[in-house]
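K.L.:
Residue numbers (my numbering): 152 to 602.
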Amino acid sequence: MNWRGNLFVKIFFGFWLVTTAMLGSWMLSAWYFDSRPEADAGDQVRHGPPHRFLLRLIYELQNVEQSELEPLLERVHSQYRIDIYLLQRSGQDLFARPVPPAVSRAAQQLQGGRRRVRLNTPQGHLLAHTLYRPEQGRLYGVFVFPPQRHQLLGALGSNLWLRIALAVLVGGAVCYGLSRLVTNRLRQLQLAARRLAGGELDTRLAVRVRGGDETDELARDFNSMAAQLQARIQAQKRLLADVSHELRSPLARLRIALALAQQDTARSTAHLQRIERETQRLEELIGQLLSSQTGAIELDTHIDLVELLQQLCADASFEGQPQDKQFVFDSTAQQAIVATSGDLLRRSFENLLRNALLHTPDHSRVRVALAATRDGLRVTIEDRGPGVPEAELERIFDAFYRVDSARSRDSGGHGLGLAIARRAIERHGGSIAARNTGSGLLLEVNLPAQM
Numbered sequence: 152m153n154w155r156g157n158l159f160v161k162i163f164f165g166f167w168l169v170t171t172a173m174l175g176s177w178m179l180s181a182w183y184f185d186s187r188p189e190a191d192a193g194d195q196v197r198h199g200p201p202h203r204f205l206l207r208l209i210y211e212l213q214n215v216e217q218s219e220l221e222p223l224l225e226r227v228h229s230q231y232r233i234d235i236y237l238l239q240r241s242g243q244d245l246f247a248r249p250v251p252p253a254v255s256r257a258a259q260q261l262q263g264g265r266r267r268v269r270l271n272t273p274q275g276h277l278l279a280h281t282l283y284r285p286e287q288g289r290l291y292g293v294f295v296f297p298p299q300r301h302q303l304l305g306a307l308g309s310n311l312w313l314r315i316a317l318a319v320l321v322g323g324a325v326c327y328g329l330s331r332l333v334t335n336r337l338r339q340l341q342l343a344a345r346r347l348a349g350g351e352l353d354t355r356l357a358v359r360v361r362g363g364d365e366t367d368e369l370a371r372d373f374n375s376m377a378a379q380l381q382a383r384i385q386a387q388k389r390l391l392a393d394v395s396h397e398l399r400s401p402l403a404r405l406r407i408a409l410a411l412a413q414q415d416t417a418r419s420t421a422h423l424q425r426i427e428r429e430t431q432r433l434e435e436l437i438g439q440l441l442s443s444q445t446g447a448i449e450l451d452t453h454i455d456l457v458e459l460l461q462q463l464c465a466d467a468s469f470e471g472q473p474q475d476k477q478f479v480f481d482s483t484a485q486q487a488i489v490a491t492s493g494d495l496l497r498r499s500f501e502n503l504l505r506n507a508l509l510h511t512p513d514h515s516r517v518r519v520a521l522a523a524t525r526d527g528l529r530v531t532i533e534d535r536g537p538g539v540p541e542a543e544l545e546r547i548f549d550a551f552y553r554v555d556s557a558r559s560r561d562s563g564g565h566g567l568g569l570a571i572a573r574r575a576i577e578r579h580g581g582s583i584a585a586r587n588t589g590s591g592l593l594l595e596v597n598l599p600a601q602m
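(1) In the DSSP assignment, the beta strand (DSSP E) including residue 108 goes from what residue to what residue?
(2) Using only the alpha-carbon positions, how far apart do residue 358 and residue 370 sit?
(3) May I ask whether a heavy atom of the ligand ADP can be found less than 7 Å away from the beta carbon of residue 388?
(4) Do you know how far the Cα of residue 412 is from the Cα of residue 124?
(5) Using the DSSP secondary-structure output, state which residues sit across from residue 528 in a beta bridge.
(6) Which residue's Cα is closest to the Cα of residue 521: 531, 513, 591 and 203?
(7) Hey, how far is the Cα of residue 540 from the Cα of residue 599?
(8) As a quick exercise: from 419, 405 and 410, pick the residue whose alpha carbon is nearest that of residue 426.
(9) When the Cα atoms are used, what is the spatial distance from residue 341 to residue 366?
(10) To which residues of the same chain is residue 456 closer than 7 Å at the C-beta, ignoring the five residues directly before and after it?
(11) Secondary structure at residue 560, three-state DSSP: helix, strand or coil?
(12) Report yes or no: do the stretch 325 to 340 and the stretch 289 to 298 share at least 3 C-beta pairs separated by less than 8 Å?
(13) With C-beta atoms as the reference, is residue 496 less than 8 Å away from residue 478?
(14) How many angstroms separate the CA atom of residue 581 from the CA atom of residue 525?
(15) One question on the structure: do residue 268 and residue 162 come within less than 8 Å of each other, judged by their Cβ atoms?
(16) Short of 7 Å in beta carbon distance, which residues of its chain neighbour residue 493, apart from the five on each side in sequence? Order them along the chain.
(17) Using only the alpha-carbon positions, how far apart do residue 245 and residue 169 sit?
(18) What three-state label does DSSP hand residue 216 in the structure shown?
(19) Starting from the C-beta of residue 434, find all residues in its chain whose C-beta is less than 7 Å away, skip the five residues before and the five after it, and write them out in chain order.
(20) Go through its chain and collect everything with a Cβ distance to residue 218's Cβ below 7 Å, but skip five positions before and after it.
(21) If distances are taken between C-alpha atoms only, which option among 510, 429, 166 and 480 comes closest to residue 331?
(22) Taking the alpha-carbon positions, what's the residue 474 to residue 343 distance?
(23) If we count the other Cβ atoms within 10 Å of its Cβ and call it buried at 16 or more, is residue 280 buried or exposed?
(24) Assuming residue 466 is part of the alpha helix (DSSP H), what are its boundary residues?
(25) Please classify residue 253: does DSSP put it in a helix, a strand, or coil?
(26) Between residue 375 and residue 385, what straight-line distance do the alpha-carbon atoms span, to the nearest angstrom?
(27) Going by beta carbon distance, what residues of the same chain come within less than 7 Å of residue 339, once the five residues before and after it are set aside?
(28) Using DSSP with H/G/I as helix, E/B as strand and the rest coil, what is residue 406?
(29) If you drop the 5 nearest sequence neighbours on each side, which residues of the same chain put their C-beta closer than 6 Å to that of residue 561?
(30) At the level of alpha carbons, what is the spacing between residue 171 and residue 319?
(31) Where do the N-terminal and C-terminal ends of the beta strand (DSSP E) with residue 235 fall, by residue?
(32) Use the C-beta contact count for residue 535: other C-beta atoms within 10 angstroms, 16 or more gives buried, fewer gives exposed.
(33) For residue 461, I'd like the list of residues in its chain whose CB is within less than 7 Å of its CB, leaving aside the five on either flank, ordered along the chain.
(34) Taking 8 Å as the threshold (C-beta atoms), are residue 454 and residue 491 in contact?
(35) Using C-beta distances below 8 Å, list every residue in its chain close to residue 499, excluding the 5 sequence neighbours before and after it, in chain order.
Rendered as C-alpha cells:
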C-alpha cells in the first residue's frame, strides 16, 4: 500500500500533528506554571521532600510577629486552600479552633520523636512539621491540603512526559475519527465506482438532504453520471436489438428470392429485381445507421434557413398532392443564416417534414414556422395527426422506435428519421423536442443563429 499517496494517511497525520502540537504546547506551558509557588501547593508537596514554597511558609510561621500570625493563616487558606493548625504540647490549637482527629494524630506522631509526618485521609493530605516560635516555643504545625485528585491525575500533575504521552494518544484518537469521517465517503465512492465498472449499472450513492458537504456534491455528480451511463448503454443494447431485427427481414427475403430464382429460371428476372430492391433497402438502412452514429462534424457551410424551409415545404406539398396534404410556411425573418456541414441540415428538416407528411391526415395542412429568438432561431412543425402518447414523447427520437399505431413498416421508413434529425441538430449546437397540441404533434427545433 502506498502510504505517501493515501489521502486518509495524509489527513490523519496532518490532524494528529496539529493537534499534538497544540496540546504539547499547552502541556509545556502548564508544566512551567505549575512549577511556580503560586500554583496548587498541594500537588507539589505530596511526593518527596517539602517544596520550597512550603519551606518558606514554615519559615514565615516561625518568625512572623504574633499579631500577624492569624492573618497569615487566613491568607494561606484563601489563596491556596491549605488549612494550617498550630498545636501546643497539650494538643490544643494556638487559636482555640476545633482540631480534627487526623490532625491530632499527626501531632502526636511528631511528639513521638518524628520530625515530619505525612498522612492521607478522606479529608485531605496532611503534612505535619515541628515549628519553633520565640513566644510559644515548640509547636506542631499540621498542613491540611485539599483531597487528593485521582491517582492518574495526580501523576499527570507531577510527570511531564506522561502529560505529553497522553496528549499524543488523545490527539491521535481524535484525528483518527476525523480522518475516518472525511475519507469514509470517498471510500464509498471508490466501491461504487468499482461496482459500476463491473457492470452494476444501477449502483447509486446515498446523498444527505441536510448537512451535506462536498462529498455529497460529488455523490450527486456520480449518480448523475451513472444514470446517464446506464441510459446510454441500455439505448445501445436496444439499438443493437433493433438493428438485428431490421436486418433479419430483408435478408430472409433475399434468401427466398435466391432460392426461387434457382428453382424457377423462367421468372429469374423478376426474382433478381426483387433481390435488387432488397439490396437497395439494406444499403439505405446501413447508410441511415451510419448517418445517425457519425461523430463530430465541421460546420464549414452557411445556408439561409428561410430559403431552405421554403424549398422543403414546396417539395413536401408537391409530394402530398394526391392526398391533398399541404405545407404552409411562415417566417418572421427575411433571412436566417446558420452554419452547417454539407446538406446535413437539409436532410434533417426533410426527415422532420416527411414524418409530418406521413402522419397528418388527408385534406389537412402542416404548418411550418420560423421565428428569431434571443438565443437563435426556432422552427416549429405542427401536423394534424393523432399525436403521440405523453409517456412516449421522448422515445420517438430513439433509433428504430415506433409508436404502437405506427409500427407497421407499411407506414413508411425504418424509425430512423427522427433519430437522425435529432443527432444532426444536436451536432449543430441545437435541440429538438416534441409535444402534443390537442390537434396533432408539434416538433420544436432551436438552433443558434450566425448573422
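All residues carry an ideal CB built from backbone N, CA and C; glycine is no exception.
P.N.:
Quick look at the numbers:
(1) Here the chain has residues from 152 to 602 only, and residue 108 is not among them.
(2) When rounded, the distance between both Cα atoms is 6 Å.
(3) As for the ligand ADP, it is missing from this structure, which has no ligand bound.
(4) Since the displayed the chain opens at 152 and closes at 602, residue 124 lies outside it and no answer follows.
(5) For residue 528, the beta-bridge partners assigned by DSSP are 523 and 598.
(6) If you compare the alpha carbons of 531, 513, 591 and 203 with that of residue 521, the shortest gap goes to 531.
(7) Those two C-alpha atoms are separated by around 30 Å.
(8) Nearest to residue 426 by C-alpha distance, out of 419, 405 and 410, is 405.
(9) If you take the alpha carbons of residue 341 and residue 366, they lie about 12 Å apart.
(10) For residue 456, where only same-chain residues beyond five positions count, the Cβ hits under 7 Å are 487, 489, 521 and 528.
(11) Summary for residue 560: the model assigns pLDDT 44, below 50, so the residue's position carries little reliability, and this model does not support an answer.
(12) Remark: fewer than three beta-carbon pairs, one from each stretch, lie closer than 8 Å, so the stretch 325 to 340 and the stretch 289 to 298 are not flagged as touching.
(13) Taking 8 Å as the Cβ cut-off, residue 496 and residue 478 do not qualify as a contacting pair.
(14) Going by the C-alpha atoms only, they are around 14 Å apart.
(15) No. Outside cutoff.
(16) Once the five neighbours on either side are set aside, the close Cβ partners of residue 493 are 452.
(17) Looking at the two C-alpha atoms, the distance is approximately 55 Å.
(18) In the structure shown, residue 216 sits in coil (DSSP, three-state: anything other than H, G, I, E or B).
(19) Answer for residue 434: no residue qualifies.
(20) So the list is empty, once near-sequence residues are dropped.
(21) Closest by alpha carbon: 166.
(22) C-alpha separation (whole angstroms): 57 Å.
(23) Burial of residue 280 is indicated by the presence of at least 16 other C-beta atoms within 10 angstroms of its C-beta.
(24) Residue 466 -> alpha helix (DSSP H) spans 456 to 470.
(25) DSSP places residue 253 in helix when its eight states are reduced to three.
(26) Cα to Cα, the separation comes out at about 15 Å.
(27) Hits under 7 Å: 356.
(28) Residue 406 falls in the helix class under three-state DSSP.
(29) Residue confidence for residue 561 is low, a pLDDT of 45 falling below 50, so the modelled location carries little weight; the figure read from the coordinates is stated next. Here the set comprises nothing.
(30) Using only the alpha carbons, I get a separation of about 5 Å.
(31) Looking at the DSSP string, the run of the beta strand (DSSP E) that includes residue 235 is 234 to 238.
(32) The residue is buried, with at least 16 neighbouring Cβ atoms inside 10 Å.
(33) Within the same chain, residue 461 has close Cβ partners 480.
(34) Yes, the pair counts as a contact, with Cβ atoms nearer than the cut-off.
(35) For residue 499, where only same-chain residues beyond five positions count, the Cβ hits under 8 Å are 571, 572, 575 and 576.
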